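Participant:
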Amino acid sequence: MVHLPPFALDHWLSTYDFATPPIAYNLASSTGPRWSVADICALGDAPLAIDDTILSYAPPEGSRALREAIAAFHDTDPDSIIVTTGASEALSILFCLGAQPGANIVLPDPGYPAYEAVAQAWGLATRSYHLRREDRFIQRADAILAQVDADTALVILNTPHNPTGTVMPRIEIEALAAALAERGVPLLVDEVYHPLYFTAPQPSAAGIPNVIVTSDLSKALSLPGLRTGWLIDADADRRARIIDARSYFTISGSPLLERLATHALQQSDAILARLRSVAQANIAQLDALIAGSGGRLAWVRPDGGTTAFPWFTDGRDSRSFCQTLAAQGVLLAPGDCFGHPAHMRLGFTQQEEGLATAVGRIAAALTAI
Ligand SMILES: Cc1ncc(COP(=O)(O)O)c(C=O)c1O
């Protein structure tokens, strides 16, 4: 039987977010402010009508219209794009195709927990490169390359990074991808938090030789309920195998969701403007929270993305603190969900209103420990 460990982060999030009523202040989620179907359809000069959508299968690689909208978002070729059921399916397909006997995959620690669990479930060994808070969580090419060996099938880079918010500049991604090309190893750049940057804006990694990009509508584009992700891969042979894998796994996406997704991407400026405004306002409040914590909490201010990964400076486990706050209606994610118990993940872009109240409760709970 394949071993899949319990997904601690999703258990924690579901317990509070799918409760009735849901948690009042969600600072644990990694997505953006919420949108309804009506909100999305109404965006733009020509509102979207979806009633006439035929509920057939979609093409396994995604509709042409959606692939063109994704290509415009990444400034790349629509033919290089394959639509998937969230970035999750894209990752699973890549791990499945890479899982030769003895093969390994190189991934970040801390990192999105599904990388390790799903890769191992497909039979890949995992090797981690470490993002150290003493080094501002920077993802360094030399540390990544040090983990690569003759059996490495794939290297994962996640930028902007979940949970730390660190960003690798495109010029460094190009150098890393070139170094990996010499060893015959593709670089997967998971950019689901692109293009949310707080310091220097970065272009997408799409188009860099030897790079496969994964992304989605769930994170920066704030629409996880559309379950729409994609892969961008210039390698036509690998794309053919990926499309076959998709046909086997899920057959296709939903034509209804693909139409909504296409419209959302065409209106991404409005969606991103709302996200950026929530992010800017909320990150300033988190700055004040950390500065006023009397040294109990420290953080590396994120350079991008929707989450930060502060920690207790005395090294205590954050879970009971997170439980206390959850009982008061404020949801943070305990760092043990990422294998780092003294940390906590703060998602600062979903909560459009009420952050001052939530931050006030966190500050009060800090003084009580
Ligand atoms: C870094 C990263 N990649 C991929 C995913 C998968 O998201 P989805 O399947 O909604 O696209 C997530 C979800 O949290 C994530 O944080």
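First residue of the sequence shown: 16, per the numbering used here; consecutive thereafter. Don't be surprised by glycine CBs; every beta carbon is placed ideally from N, CA and C. Keep in mind that this is a model prediction, so the values were computed, not measured.
1. Assign residue 16 to buried or exposed, taking buried as 16 or more other Cβ atoms, counted over all protein chains shown, within 10 Å of its Cβ.
2. Say the cut is 8 Å; is the CB of residue 119 nearer than that to a heavy atom of ligand 1?
3. State the Cα-Cα distance for the pair residue 296 and residue 362, rounded to the nearest angstrom.
4. Do the segment 289-303 and the segment 366-380 touch if we need at least three Cβ pairs shorter than 8 Å?
5. Out of 78, 339 and 46, which one is the CA nearest neighbour of residue 270?
6. In terms of alpha-carbon separation, which member of 124, 76 and 52 lies closest to residue 66?
7. Just reading off the alpha helix (DSSP H) that residue 292 is part of, what are its end residues?
8. Below 8 Å, how does it come out for the segment 312-324 and the segment 171-184: are there three or more Cβ pairs, yes or no?
9. Looking at the strands, I want to know which residues DSSP matches up with residue 358.
10. Tell me the rounded alpha-carbon separation between residue 112 and residue 188.
11. Just the C-alpha distance for residue 346 and residue 354, rounded to the nearest angstrom, thanks.
12. Find the nearest neighbour of residue 330 within the set 340, 323, 352 and 359, judged by alpha-carbon distance.
13. Indicate the three-state DSSP secondary structure (helix, strand or coil) for residue 127 in the structure shown.
14. With H, G and I counted as helix, E and B as strand and the rest as coil, what does DSSP make of residue 44?
15. Taking residue 244 as part of the beta strand (DSSP E), name the residues at either end of that continuous run.
16. Is the beta carbon of residue 177 sitting closer than 9 Å to the one on residue 322?
17. Beta carbon of residue 101: closer than 8 Å to some heavy atom of ligand 1?
18. Going by the C-beta, is residue 207 closer than 8 Å to any heavy atom of ligand 1?
19. Nearest CA to the CA of residue 19: which residue from 29, 118, 134 and 256?
20. Consult DSSP for residue 117 and reduce its assignment to one of helix, strand or coil.
21. Who are the Cβ neighbours of residue 23 in its own chain at under 6 Å, not counting the five residues just before and after it?
22. Can we count residue 181 as close to ligand 1, meaning its CB is less than 8 Å from some heavy atom?
23. To the nearest angstrom, how far is the alpha carbon of residue 254 from that of residue 244?
24. Quick check on DSSP: helix, strand or coil for residue 319?
25. Give the range of the beta strand (DSSP E) segment to which residue 219 is assigned.
26. With distances taken Cα to Cα, identify the nearest neighbour of residue 68 among 35, 212 and 273.
Facilitator: Let me lay it out:
1. exposed
2. For ligand 1, no non-hydrogen atom lies closer than 8 Å to the CB of residue 119.
3. 13 Å
4. yes
5. Selected option, being the one with the closest Cα: 78.
6. 52
7. 283-306
8. yes
9. 326
10. Near 23 Å, if we compare the C-alpha coordinates of residue 188 and residue 112.
11. 18 Å
12. 359
13. In this structure, residue 127 counts as coil in the three-state DSSP scheme.
14. coil
15. 243-247
16. Yes; because the gap between Cβ atoms is below 9 Å, this pair is in contact.
17. Yes, the Cβ of residue 101 comes within 8 Å of a heavy atom of ligand 1.
18. yes
19. The residue with the shortest Cα to Cα distance from residue 19 is 134.
20. coil
21. 352
22. no
23. 15 Å
24. strand
25. No beta strand (DSSP E) contains residue 219, which DSSP labels as neither H nor E.
26. 273
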